[in-house]
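> For the record, the sequence lines run as chains A and B.
Following my numbering, the residues of the first sequence are numbered contiguously, the last one being 111.
Following my numbering, the residues of the second sequence are numbered contiguously, the last one being 1115.
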Amino acid sequence: KQEVTQIPAALSVPEGENLVLNCSFTDSAIYNLQWFRQDPGKGLTSLLLIQSSQREQTSGRLNASLDKSSGRSTLYIAASQPGDSATYLCAVTGGGNKLTFGTGTQLKVEL
Amino acid sequence: GAVVSQHPSWVICKSGTSVKIECRSLDFQATTMFWYRQFPKQSLMLMATSNEGSKATYEQGVEKDKFLINHASLTLSTLTVTSAHPEDSSFYICSAREERYNEQFFGPGTRLTVL
Chain A
1 KQEVTQIPAA LSVPEGENLV LNCSFTDSAI YNLQWFRQDP GKGLTSLLLI QSSQREQTSG
61 RLNASLDKSS GRSTLYIAAS QPGDSATYLC AVTGGGNKLT FGTGTQLKVE L
Chain B
1001 GAVVSQHPSW VICKSGTSVK IECRSLDFQA TTMFWYRQFP KQSLMLMATS NEGSKATYEQ
1061 GVEKDKFLIN HASLTLSTLT VTSAHPEDSS FYICSAREER YNEQFFGPGT RLTVL
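#1: CA-CA distance, V20(A) and E1052(B)?
#2: Would you please verify whether the beta carbon of N97(A) is less than 7 Å from any beta carbon of chain B?
#3: If you follow the beta strand (DSSP E) that D67(A) is in, where does it begin and where does it stop?
#4: Step through the CB atoms of chain B and report whether any lies within less than 7 Å of the CB of L75(A).
#5: So with Cβ pairs under 7 Å, would you call L62(A) a contact of chain B?
#6: Which partner residues does N32(A) have in the DSSP bridge list?
#7: Which residues of the segment 1044 to 1061 of chain B have a Cβ closer than 9 Å to any Cβ of chain A? Give them in chain order.
#8: Can you name, in chain order, every residue of its own chain whose Cβ lies under 6 Å from the Cβ of Q106(A), other than the five neighbours on each side?
#9: Run through DSSP, which three-state label would P1040(B) get?
#10: Can a CB atom of chain B be found closer than 7 Å to the CB of F25(A)?
#11: Cα-Cα, which of E1059(B), M1033(B) and F1091(B) is closest to V1116(B)?
#12: Taking K1066(B) as the reference, give the member of T1082(B), E1099(B) and Q1038(B) with the closest Cα.
#13: CB of D39(A) to nearest heavy atom of the ligand MG: below 6 Å?
#14: Would you please verify whether the beta carbon of R1024(B) is less than 7 Å from any beta carbon of chain A?
#15: Quick check on the DSSP output: the beta strand (DSSP E) that includes K974(B) runs from which residue to which?
#16: Out of Q1029(B), L1112(B), I1021(B) and S1050(B), which one is the CA nearest neighbour of G96(A)?
#17: What residues of chain A sit near F1028(B), judged by a beta carbon separation below 8 Å?
#18: Quick one: measure Cβ to Cβ for C23(A) and R72(A), integer angstroms, because I've assumed they're closer than 8 Å.
#19: Could you list which residues in chain A have their beta carbon closer than 8 Å to that of R1100(B), in chain order?
#20: Give me the residue from S1095(B), S1018(B) and Y1101(B) with the minimum Cα distance to H1071(B).
#21: The beta strand (DSSP E) that contains S73(A), what's its start and end?
#22: For K108(A), report the span of its beta strand (DSSP E) as first-last.
#23: Name the chain A residues whose beta carbon is nearer than 7 Å to that of R1097(B)?
#24: Does any C-beta atom of chain A lie closer than 7 Å to the C-beta of G1016(B)?
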């Protein structure tokens, strides 16, 4: 059974700081990995999707990497802003196109 | 990107009543939709996979008679919580799989509160 873990569970940083969120998964047989953002009481916003054959994806200040063999992904956020405050979820797509979500990292960027 | 809607966005009901939640893919067809539930401060847990024209596949521990799923068309799946009880109160989120890119797009979620 796939298990996805995210570290840290919570993170508080000052505005402008670069930061890294970590995601690890136990079964490397995945089709892709996605990073999502979730604001309180809201649905999910997809940030980046990395196919299993890819190593990284970039969008604006966000960069996600994938090391499938070691079961790890990182989300790098450059020059963090208060508007980046949210919960970040990683999820892997496995057999049956099922997504398994991580435990989430709650990020707070302070002025 | 592809858009998925859910209706209602929130609902409050009395214990023992049934509640129907709709999930629609607005600009693409989806043969497969997924239903998740999320408890406060927890991650999303897959409840079931909804396949157009066939029965849903439920995850272990999810009661199919409690959570009825109907995927009647390529753009609509419904989740009915039957005889709801306070422990069913949760945030329910659906997703629809866009087959060309093998990517799931998520609805905004439905907050269910059972009194």
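We put the beta carbon where it would ideally sit given N, CA and C, even for glycine.
Put simply:
#1: To locate residue 20(A), count along the first sequence from 1; it is residue 20. To locate residue 1052(B), count along the second sequence from 1; it is residue 52. If I take the Cα positions, the gap works out to 40 Å.
#2: Counting from 1 along the first sequence, the entry for residue 97(A) is found at position 97. N97(A) counts as touching chain B.
#3: Residue mapping note: residue 67(A) aligns to position 67 of the first sequence, counting from 1. Note, D67(A): beta strand (DSSP E), L62 to D67.
#4: Start at 1 with the first residue of the first sequence, and residue 75(A) comes out as number 75. Output row for L75(A): interface = no.
#5: As a working note, residue 62(A) is residue 62 in the first sequence. Closer than 7 Å: no.
#6: As a first step, residue 32(A) is located in the first sequence; it is residue number 32 there, counting from the start. Its beta-bridge partners are Q51(A) and T93(A).
#7: Along the segment 1044 to 1061 of chain B, the positions whose C-beta sits under 9 Å from a C-beta of chain A are L1044, M1045, L1046, T1049, T1057 and E1059, read in chain order.
#8: Here residue 106(A) is taken as the residue at index 106 of the first sequence, counted from 1. Around Q106(A): A10 and T87.
#9: Residue mapping note: residue 1040(B) aligns to position 40 of the second sequence, counting from 1. Looking at P1040(B) - three-state DSSP - the assignment turns out to be coil, as it is neither helix nor strand.
#10: Position 25 of the first sequence holds residue 25(A). Judged by the 7 Å Cβ criterion, F25(A) is not in contact with chain B.
#11: Residue 1116(B) is absent from the structure shown; chain B starts at 1001 and stops at 1115.
#12: Here the question's residue 1066(B) lines up with position 66 in the second sequence. If we check each option's Cα against that of K1066(B), T1082(B) comes out closest.
#13: Absent from the structure shown: the ligand MG. Ligands present: none.
#14: In the second sequence, counting from the first residue as 1, residue 1024(B) sits at position 24. Not closer than 7 Å to any Cβ of chain A, the Cβ of R1024(B) fails to qualify, so no.
#15: A query on residue 974(B) cannot be resolved here, the shown segment of chain B reaching from 1001 to 1115 and no further.
#16: On the first sequence, residue 96(A) is found 96 positions in, with the first residue counted as 1. Out of Q1029(B), L1112(B), I1021(B) and S1050(B), S1050(B) has the C-alpha closest to the C-alpha of G96(A).
#17: Indexing the second sequence from 1 puts residue 1028(B) at position 28. Per Cβ cutoff of 8 Å: no residues; F1028(B) is ~15 Å from chain A at best.
#18: Position 23 of the first sequence, counting from 1, holds the residue named residue 23(A). Position 72 of the first sequence, counting from 1, holds the residue named residue 72(A). Your pair C23(A) and R72(A) checks out as a contact, with CB atoms roughly 7 Å apart and the cut at 8 Å.
#19: The residue labelled residue 1100(B) in the question sits at position 100 within the second sequence. By Cβ distance, chain A contributes nothing, its closest Cβ being about 13 Å from R1100(B), past 8 Å.
#20: Against the second sequence, residue 1071(B) aligns to sequence position 71. Ranking the options by Cα distance to H1071(B), first place goes to S1095(B).
#21: Position 73 of the first sequence holds residue 73(A). From DSSP, the beta strand (DSSP E) with S73(A) extends over R72 to I77.
#22: As a working note, residue 108(A) is residue 108 in the first sequence. Looking at the DSSP string, the run of the beta strand (DSSP E) that includes K108(A) is T105 to E110.
#23: Working through the second sequence from its first residue, we reach residue 1097(B) at position 97. N97, listed in chain order.
#24: Walking along the second sequence from the start, residue 1016(B) turns up at place 16. So no, G1016(B) is outside the interface.
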